[in-house]
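Below is one structure, written out as C-alpha cells; comments come after it.
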Amino acid sequence: MLFSENDKTLFEKAMNLSITAIVILMLMLFCWLMNYSLVVPLFLLFLALHLKNFKEACRKIFLNLGLLLTIILFAAYAIDQYSTIPLYYIPVASIAMLTMLLFNDHELSFIMAFASSVIVCLIIGGDFGMLLTFFIGSLTGAYSVRGARLRGQLIGAGLFVSVMNVICLFLINFDSGQILTKAFASEKLYPLAANGFISAFIVAAVLKIFEYLFHVLTNFSLLELSDFNQPLLKKMILEAPGTYHHSLVVSNLSEAAADSIGANALLARVGAYYHDIGKMDKPEYYTENQLIGTNKHDGMEPSMSRLVILNHVKEGIELAKKYKLNHLIVDFIPQHHGTSLVYYFYQKALEEADNGEVISEDNFRYPGPKPQTRETAIVLLADSVEGAVRALDEKNMNRIGDTVRKIINNKFIDGQLDECNLTLKEIDKISSTFVRILGGMYHGRVKYPEKKNSVTKKSSEKSKIFQRSESQKSQKDSQNGSTDNSGQKNPKPSNGTE
Numbered sequence: 002m003l004f005s006e007n008d009k010t011l012f013e014k015a016m017n018l019s020i021t022a023i024v025i026l027m028l029m030l031f032c033w034l035m036n037y038s039l040v041v042p043l044f045l046l047f048l049a050l051h052l053k054n055f056k057e058a059c060r061k062i063f064l065n066l067g068l069l070l071t072i073i074l075f076a077a078y079a080i081d082q083y084s085t086i087p088l089y090y091i092p093v094a095s096i097a098m099l100t101m102l103l104f105n106d107h108e109l110s111f112i113m114a115f116a117s118s119v120i121v122c123l124i125i126g127g128d129f130g131m132l133l134t135f136f137i138g139s140l141t142g143a144y145s146v147r148g149a150r151l152r153g154q155l156i157g158a159g160l161f162v163s164v165m166n167v168i169c170l171f172l173i174n175f176d177s178g179q180i181l182t183k184a185f186a187s188e189k190l191y192p193l194a195a196n197g198f199i200s201a202f203i204v205a206a207v208l209k210i211f212e213y214l215f216h217v218l219t220n221f222s223l224l225e226l227s228d229f230n231q232p233l234l235k236k237m238i239l240e241a242p243g244t245y246h247h248s249l250v251v252s253n254l255s256e257a258a259a260d261s262i263g264a265n266a267l268l269a270r271v272g273a274y275y276h277d278i279g280k281m282d283k284p285e286y287y288t289e290n291q292l293i294g295t296n297k298h299d300g301m302e303p304s305m306s307r308l309v310i311l312n313h314v315k316e317g318i319e320l321a322k323k324y325k326l327n328h329l330i331v332d333f334i335p336q337h338h339g340t341s342l343v344y345y346f347y348q349k350a351l352e353e354a355d356n357g358e359v360i361s362e363d364n365f366r367y368p369g370p371k372p373q374t375r376e377t378a379i380v381l382l383a384d385s386v387e388g389a390v391r392a393l394d395e396k397n398m399n400r401i402g403d404t405v406r407k408i409i410n411n412k413f414i415d416g417q418l419d420e421c422n423l424t425l426k427e428i429d430k431i432s433s434t435f436v437r438i439l440g441g442m443y444h445g446r447v448k449y450p451e452k453k454n455s456v457t458k459k460s461s462e463k464s465k466i467f468q469r470s471e472s473q474k475s476q477k478d479s480q481n482g483s484t485d486n487s488g489q490k491n492p493k494p495s496n497g498t499e
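Note that the sequence shown ends on residue 499 in the working numbering; no numbers are left out.
Next up, the structure:
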C-alpha cells in the first residue's frame, strides 16, 4: 500500500477544501465582474449544492450568526456613510473566527468568510483588492482559532490576521519593484495591521454571549466545566468518592477513544465527568461507593432495587438543570445508558419469581433515549466496559480484551448504537483503545522477594537494642516513682492536697 487509511482521509479532506477554495474564488471574481448583483443567489446556490445538510446549515448560519452579521454590516454601513474612519478597520474576520469557534466546521467557516467579505464590500463599494484582503484575512482568522483551548490564543489569531492583511496589501501593490514603497505609503497599512487585533477583541467580547444565547459549548467553556473546583464536581468528590473515581476512569477512556476516531474528545471527557451525578442522591446503593461486605440491595426486592438504580438518571437530569449545565452535557446523563437492561436485577427477579409470574424485560430497562452522537455513544461503551473490567477477578490483557469486545458486541446487538452514526471501523478503533488503556491501568505488578537472612539478622539485632533501651527506661521511671513515694525527693504537701 502506498498510502495508509489516515493518509487517504487527510488527502480527501484536503481535496474537498481545495475544491471549496477554488469555487469560492471563482464566485468572488464573478461577483466582482457582475458588480455584486448576483451575490445572494450565488451564495445560496453554493450553500445548497456543497453542504450535505442544507437545513442544518441554514439553521447555523441564519439563526446563530445572523445577529453578528447584522451588527458587522451595520457598522460597515455607518463607517462608510457617516465617518472618516478607513474602511479597512471593519472587523470582517471576526465572523469566520466565531463560526469556527462555535461550530468547528471548516466548510461553514469558508462560506461565512466568503459571504461576509462579499456582502461588506457590496455595502461599502469596495474593490476586488479589498474583497480579496477581507476574504484571506477571514480564512486566516478561522484556521488560527481552530481547536483553540485558551482565550489567549485569540490574540495570536489576531496577530496572524494582521500579518496576512499586510502581506495581501504588499501583493496588491506589486508593480515593477515599487512594492515596498507603495505599501508603506498606503493609507491602508495601519488599518489593516490593526484589523486582526480588532477582530480578535470582538470575538473575545461576544463569544460568551453567543454561547449563552444559542446554547453552544466552545472548548473554552468545556475546559471551565472540567475544573474540579466546579460546585457539582466538588460535591461529587465529597459525597460519592467512588462514583467520582469511576467517572475519572470513564473520562480517560472516552477522551482517548473519541480522539482515535476524530470525534470531540474534550466534549466526551467533560460529559463523562457529569454522566453519573444522579448517584449523589443515594450513593450507598451503588457498588463503587459501598464498603467491603456491605450491600444495600441484599435485603431489597429486585423491583425496588430497579427503581433506585433507574432513578439516578432522573435525579441526574434534575441536578444538571439546577446547576444550569448546557444541554450538550445534560444529554450524556440519559444517553449513557440508552435503553439498556439492568441485567443483574432482571435475572434476580426471574430467579425469585413465583410459578407463572411474568417479569417484563421492559420494566428493567432505562428510559433512554439511545445515544444520538458519537460522543455519548463512546461514554456509554466506556461506562459499561470500565465496570465489567473492574469486576474481573483476574485482570490480564487477554481477559480484558475478551471482556471489552464482549461488552461492545452486546451493546451493538442490543441496538444501543443504532442512532449515533458510529461505523464498524470506528467501533473497532474504540475497542482497541479501551483495551490498550485498561491494560495499562491494570498492568501486572512485580512481587517483591522476601527478606534475606542477613537482613533479618540485622533487623532482629536492632529490635533487641530497641527493647533493651525501652527496658532501661522503664526501670528508671520505676525507681523515680518509688523515690517520690518514700518522700526523699518531692515530698507531698503538708495539707494533703495534690
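By construction, the Cβ of each residue, glycine as well, lies at the ideal position given by its N, Cα and C atoms.
From a predicted model like this one, the values you see are computed outputs, not experimental measurements.
#1: What would DSSP say about L342, mapped onto helix, strand or coil?
#2: Whose C-beta lies closer than 7 Å to the C-beta of S252 among residues of the same chain, with five residues either side of it excluded?
#3: From N220 to V162, what does the alpha carbon distance come to, in whole angstroms?
#4: May I ask you to list the residues that DSSP assigns as paired with R366?
#5: Kindly indicate which residue of V207, N265, H337, S255 has the alpha-carbon position closest to the one of T100.
#6: Excluding the 5 residues flanking F413 on each side, which residues of the same chain have their C-beta closer than 8 Å to its C-beta?
#7: Taking 9 Å as the cut-off, decide whether the C-beta atoms of S255 and E376 are in contact.
#8: Counting only the same chain and skipping the five closest in sequence on each side, list residues whose C-beta sits under 7 Å from that of P284.
#9: Hey, how far is the Cα of I310 from the Cα of P368?
#10: Taking 9 Å as the threshold (C-beta atoms), are I360 and T382 in contact?
#11: Check whether the Cβ atoms of I125 and I173 lie closer than 9 Å to each other.
#12: Mind checking whether L218 and N327 have CB atoms under 9 Å apart?
#13: If you draw a straight line from the C-alpha of T340 to the C-alpha of I318, how long is it?
#14: With 16 other CB atoms within 10 Å as the buried threshold, where does F111 fall?
#15: Inspect the beta-carbon positions of L190 and S227 and report whether they are closer than 9 Å.
#16: Which residues bound the alpha helix (DSSP H) around H337?
#17: Is the beta carbon of D415 less than 9 Å from the beta carbon of L342?
#18: Report back the beta-carbon spacing between E387 and H247 to the nearest angstrom; my notes put them in contact at under 8 Å.
#19: So, are the CB atoms of H298 and F346 less than 9 Å apart?
#20: What does the alpha-carbon distance come out to for the pair L223 and E188?
#21: In this structure, how does DSSP classify Q82 when only helix, strand and coil are distinguished?
#22: So the alpha helix (DSSP H) N253 belongs to, where does it begin and stop?
#23: Tell me where the alpha helix (DSSP H) around M281 begins and ends.
#24: In whole angstroms, give me the CA-to-CA distance for M2 and L425.
#25: Among the residues of its own chain, which have a CB less than 6 Å from the CB of L109, if the five just before and after it don't count?
#26: When we look at the beta-carbon of A114 and count the other beta-carbons within 10 Å, is it buried (16 or more) or exposed?
#27: In angstroms, rounded to a whole number, what distance separates the CA positions of S200 and S95?
#28: For the putative contact between L193 and N166, defined by C-beta atoms under 8 Å, what is the C-beta separation to the nearest angstrom?
#29: For E395, which three-state DSSP category applies?
#30: If contacts are defined as beta-carbon pairs under 8 Å, then G157 and S145 qualify, I think. What distance do you get, rounded to the angstrom?
#31: Between the Cα of L418 and those of T141, M98, V380, L88, spot the shortest distance and give me the residue it belongs to.
#32: Counting only the same chain and skipping the five closest in sequence on each side, list residues whose C-beta sits under 6 Å from that of F135.
#33: Would you check if the distance between the CB atom of L102 and the CB atom of V204 is smaller than 9 Å?
#34: Confirm, please, whether the CB-CB distance from A258 to T434 is below 9 Å.
#35: Taking the straight line between their C-alpha atoms, what separation do you get for H107 and V390?
#36: Quick one: complete alpha helix (DSSP H) runs, 4+ long, within the segment 115–172?
According to the structure shown:
#1: Locating residue 342 in the sequence shown gives position 341, counting from the first residue. Strand at L342.
#2: As a working note, residue 252 is residue 251 in the sequence shown. Excluding sequence neighbours, S252 sits near R270, A273, Y274.
#3: Walking along the sequence shown from the start, residue 220 turns up at place 219. Walking along the sequence shown from the start, residue 162 turns up at place 161. Approximately 21 Å between the Cα atoms of the pair.
#4: The count along the sequence shown starts at 1 and reaches residue 366 at position 365. Looking at the DSSP assignment, R366 forms a beta bridge with L342.
#5: Sequence index remark: in the sequence shown, residue 100 carries index 99 (1-based). For the residues V207, N265, H337, S255, the minimum Cα distance to T100 belongs to V207.
#6: Taking the sequence shown and counting its residues from 1, the one referred to as residue 413 is at position 412. Cβ within range, chain order: I428.
#7: As a position in the sequence shown, residue 255 is number 254, starting the count at 1. As a position in the sequence shown, residue 376 is number 375, starting the count at 1. Cβ atoms of S255 and E376: closer than 9 Å.
#8: Walking along the sequence shown from the start, residue 284 turns up at place 283. Only E240, A241, T244, N290 meet the Cβ criterion.
#9: Here the question's residue 310 lines up with position 309 in the sequence shown. Here the question's residue 368 lines up with position 367 in the sequence shown. Going from the Cα of I310 to the Cα of P368 covers about 12 Å.
#10: Locating residue 382 in the sequence shown gives position 381, where the first residue counts as 1. Locating residue 360 in the sequence shown gives position 359, where the first residue counts as 1. According to the sequence as given, residue 382 is Leu; it is not Thr. Cβ distance not < 9 Å, so L382 and I360 don't count as in contact.
#11: Translated into positions along the sequence shown, residue 125 becomes position 124. Translated into positions along the sequence shown, residue 173 becomes position 172. Contact: no.
#12: As a working mapping, residue 218 is identified with position 217 in the sequence shown. As a working mapping, residue 327 is identified with position 326 in the sequence shown. The answer is yes: Cβ separation under 9 Å.
#13: As a first step, residue 340 is located in the sequence shown; it is residue number 339 there, counting from the start. As a first step, residue 318 is located in the sequence shown; it is residue number 317 there, counting from the start. Taking the straight line joining both Cα atoms gives about 16 Å.
#14: As a first step, residue 111 is located in the sequence shown; it is residue number 110 there, counting from the start. Its Cβ being crowded by 16 or more others within 10 Å, F111 is buried.
#15: Reading the sequence shown from its first residue, position 189 is the one you call residue 190. Reading the sequence shown from its first residue, position 226 is the one you call residue 227. Taking 9 Å as the Cβ cut-off, L190 and S227 do not qualify as a contacting pair.
#16: By one-based count along the sequence shown, residue 337 stands at place 336. Run containing H337: none; DSSP gives neither H nor E here.
#17: Looking up residue 415 in the sequence shown gives position 414. Looking up residue 342 in the sequence shown gives position 341. Cβ atoms of D415 and L342: closer than 9 Å.
#18: Reading the sequence shown from its first residue, position 386 is the one you call residue 387. Reading the sequence shown from its first residue, position 246 is the one you call residue 247. The Cβ separation is near 7 Å, so the contact holds.
#19: Stepping through the sequence shown from its first residue, residue 298 is reached at position 297. Stepping through the sequence shown from its first residue, residue 346 is reached at position 345. Contact: yes.
#20: Walking along the sequence shown from the start, residue 223 turns up at place 222. Walking along the sequence shown from the start, residue 188 turns up at place 187. Each residue's alpha carbon lies about 42 Å from the other.
#21: Counting from 1 along the sequence shown, the entry for residue 82 is found at position 81. Helix at Q82.
#22: Reading the sequence shown from its first residue, position 252 is the one you call residue 253. N253 -> alpha helix (DSSP H) spans 242–262.
#23: Numbered from 1 along the sequence shown, position 280 holds the residue referred to as residue 281. That residue, M281, is in no alpha helix (DSSP H); it is neither H nor E in DSSP.
#24: Your numbering for residue 2 matches position 1 in the sequence shown. Your numbering for residue 425 matches position 424 in the sequence shown. Residue placement at M2 is flagged as unreliable, the pLDDT there being 36, under the threshold of 50; the coordinate-derived value follows with that caveat. So the alpha carbons of these two residues sit roughly 22 Å apart.
#25: For this step, residue 109 is matched to residue 108 along the sequence shown. Taken in chain order, the residues that qualify are T100.
#26: What you label residue 114 is simply residue 113 of the sequence shown in a count that begins at 1. Label assigned to A114: buried.
#27: Sequence index remark: in the sequence shown, residue 200 carries index 199 (1-based). Sequence index remark: in the sequence shown, residue 95 carries index 94 (1-based). Answer to the nearest angstrom: the Cα atoms are 5 Å apart.
#28: The residue labelled residue 193 in the question sits at position 192 within the sequence shown. The residue labelled residue 166 in the question sits at position 165 within the sequence shown. Correct: roughly 4 Å between the Cβ atoms.
#29: Counting from 1 along the sequence shown, the entry for residue 395 is found at position 394. Of the three classes helix, strand and coil, the one that applies to E395 here is coil, per DSSP.
#30: Here residue 157 refers to the residue found at position 156 when the sequence shown is read from its first residue. Here residue 145 refers to the residue found at position 144 when the sequence shown is read from its first residue. Right, the Cβ-Cβ distance comes to about 7 Å (below 8 Å), so this counts as a contact.
#31: In the sequence shown, residue 418 corresponds to position 417, counting from 1. Closest by alpha carbon: V380.
#32: Walking along the sequence shown from the start, residue 135 turns up at place 134. So the list reads V93, S118, once near-sequence residues are dropped.
#33: Looking up residue 102 in the sequence shown gives position 101. Looking up residue 204 in the sequence shown gives position 203. Yes. Within cutoff.
#34: Within the sequence shown, the letter at position 433 stands for residue 434. Within the sequence shown, the letter at position 257 stands for residue 258. Yes, the Cβ-Cβ distance between T434 and A258 is below 9 Å.
#35: Taking the first residue of the sequence shown as position 1, residue 107 is located at position 106. Taking the first residue of the sequence shown as position 1, residue 390 is located at position 389. The straight-line gap from Cα to Cα measures roughly 39 Å.
#36: 129–145
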